[in-house]
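Undergrad:
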DNA sequence: TCCTACGATGGACTTTGTCTAAGTCAAGCA
DNA sequence: TGCTTGACTTAGACAAAGTCCATCGTAGGA
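Residue numbers (the numbering used here), protein chains in the order written: chain U, -16 to 121; chain X, -16 to 121.
#1: DSSP three-state label for residue 75 of chain U, please.
#2: Verify the CB distance criterion: does residue 41 of chain X have a CB-CB separation below 7 angstroms to chain U?
#3: I'd like to know whether the C-beta of residue -3 of chain X is nearer than 7 angstroms to at least one C-beta of chain U.
#4: Distance check for residue -13 of chain X and residue 10 of chain X, CA to CA, integer angstroms please.
#5: Please tell me whether residue 96 of chain X has its Cβ less than 7 angstroms away from any Cβ of chain U.
#6: Give the residues from the segment 56 to 88 of chain U that approach chain X closer than 8 angstroms (Cβ to any Cβ), ordered along the chain.
#7: Distance check for residue 91 of chain X and residue 101 of chain X, CA to CA, integer angstroms please.
#8: Report the start-end ranges of each beta strand (DSSP E) in the segment 17 to 95 of chain U that is 3 residues or longer and not cut off at the edges.
#9: For residue 106 of chain X, write down the residues that DSSP places opposite it in a beta bridge.
#10: Can you check which of these residues, U:31, U:39, U:33 and U:50, is closest to residue -10 of chain U by C-alpha distance?
#11: Give the range of the alpha helix (DSSP H) segment to which residue 7 of chain X is assigned.
#12: Does chain U have any CB closer than 7 angstroms to the CB of residue 120 of chain X?
#13: Compare the C-beta of residue 48 of chain U with all C-beta atoms of chain X and state if any pair is closer than 7 angstroms.
#14: Within 7 angstroms (strictly less), CB to CB, does residue 104 of chain X reach chain U?
#15: Looking at chain X, is there any beta carbon in it that lies within less than 7 angstroms of the beta carbon of residue 108 of chain U?
#16: Return yes when the Cβ of residue 112 of chain X is within less than 7 angstroms of the Cβ of residue 106 of chain U, no when it is not.
#17: Would you list, in chain order, the members of the segment 15 to 35 of chain X that have their beta-carbon closer than 7 angstroms to a beta-carbon of chain U?
#18: Could you have a look at residue -10 of chain X and say whether DSSP puts it in helix, strand or coil?
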C-alpha cells in the first residue's frame, strides 16, 4: 500500500518509526497538508515525535523528489505527495482548499526567448485562483 | 510623476505623510520590494514611520488593486506596483531576482471545464523558475 | 480655528520555520 | 546475539515575517 515508503527504503533511507509515520500520513491522505497538520497527525500515532523531525523529514522527502512543496498563500507551505504526475494547482481564495489540475498546453512554450532575459528556465508553476462550490454557496 | 498617488487621492484616500512616502517608494523603483525593504526606504525619507504603518498601507494598496502581492518564495512577500498590465513572473532560484514577463497564450483557456471542479476561477498566476545570467556565470 | 474620526505608533504577540547540543537507536559486523 | 558508530531525534531557544491593540496624533470638513 505504501509506495512512498517502498521508494524511500530503496533509496537507502534509514527507516525509523518517525519517518515511517510521516510517510504514512502523507501517503494516506491525498490532500495537501501543512507541516503542522502532518505533525498533528503524526503525533496521534507516535506521541513523542517532535516538530523538528517532521520538518526535517518533509524537507528530505522534498529533496528526494518524492514530495512537492506548495506555497499557494502567504501562510504555511503545504506538502503534495503526488510528485509523479506533473500537475498544477487550483486554490480557493476563501477556504484555501487545493485541488490538483492538469491543464492542456505548455506554459514553457508560451514564454518567447525575448522574454527570458538570459535565464535558464528550469520549471514553471501555475496557480489558478477562484472560489470553490462550497464557499460560493455559503 | 506619481500616477499612483494621483489614483489613490481620487479614490478618497486620506493623504498622510506616511502614505505618500510609501507610495513614492513603490512608484519610484520598478523592482519588487519586500515590506521590509519598503520600510527601510521609507524610513530614509520619514524616520519615524513605523513597520505597522507600512504593512497597513501596503495592504490597503493591494486591496484597492493598485499594487500586486507576489510570494514567489517561502520568504517575504514582495510588492509589485505594475498592477495595470497583466503579467507573470520569472524568478531566479539562486538569488531571488524577479523579472516581469508577458507570455503568449492564455493559461485560463488551458484549463478544461472537467478540471475546474465547480470552482469559479478568478485568476491565474504563472511563475517561471530558473537561473539568471549572473548566477549562471558565477 | 476647532473637532472628530481616521490613521499612525510601537511594542507585544503569533505563526512558521530553523538551529543546536545532547541523547538515542538502526544496521552492519564480529 | 551483542558492540559500535554515525545518522537520526529531541526539546527548546531563536529568527523572520507579519498581525493586533490601546493610545496618541492629525487631515480635512464645519
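C-beta: ideal position from N, C-alpha, C; glycine also. Quantities reported herein were computed from a predicted structural model and do not represent experimental measurements.
TA: Walking through what the data contain:
#1: Strand at residue 75 of chain U.
#2: Chain U, which has no Cβ nearer than 7 angstroms to the Cβ of residue 41 of chain X, makes this no.
#3: For residue -3 of chain X, the answer is no, since every Cβ of chain U falls outside 7 angstroms of its Cβ.
#4: Cα to Cα, residue 10 of chain X sits roughly 7 angstroms from residue -13 of chain X.
#5: Closer than 7 angstroms: no.
#6: Along the segment 56 to 88 of chain U, going in chain order, the ones with a CB nearer than 8 angstroms to a CB of chain X are 56, 57, 60, 73, 75, 76, 82, 84, 85, 86, 87 and 88.
#7: Between the alpha carbons of residue 101 of chain X and residue 91 of chain X lies a gap of roughly 15 angstroms.
#8: Note on the segment 17 to 95 of chain U: whole beta strand (DSSP E) runs with a minimum of 3 residues are 51 to 53, 61 to 63, 71 to 75 and 81 to 84, in chain order.
#9: Paired residue(s): U:112.
#10: Checking every option, the nearest Cα to that of residue -10 of chain U belongs to U:50.
#11: That run of the alpha helix (DSSP H) goes 0 to 11.
#12: Under the Cβ distance rule, residue 120 of chain X does not count among the residues neighbouring chain U, no pair being separated by less than 7 angstroms.
#13: No, residue 48 of chain U lies away from the interface with chain X (no Cβ there is under 7 angstroms from its Cβ).
#14: Yes - at least one Cβ of chain U is within 7 angstroms of the one on residue 104 of chain X.
#15: With 7 angstroms as the cut-off, residue 108 of chain U counts as an interface residue toward chain X.
#16: Yes; because the gap between Cβ atoms is below 7 angstroms, this pair is in contact.
#17: Taking 7 angstroms as the Cβ-Cβ cut-off against chain U, none of the residues of the segment 15 to 35 of chain X qualify.
#18: In this structure, residue -10 of chain X counts as helix in the three-state DSSP scheme.
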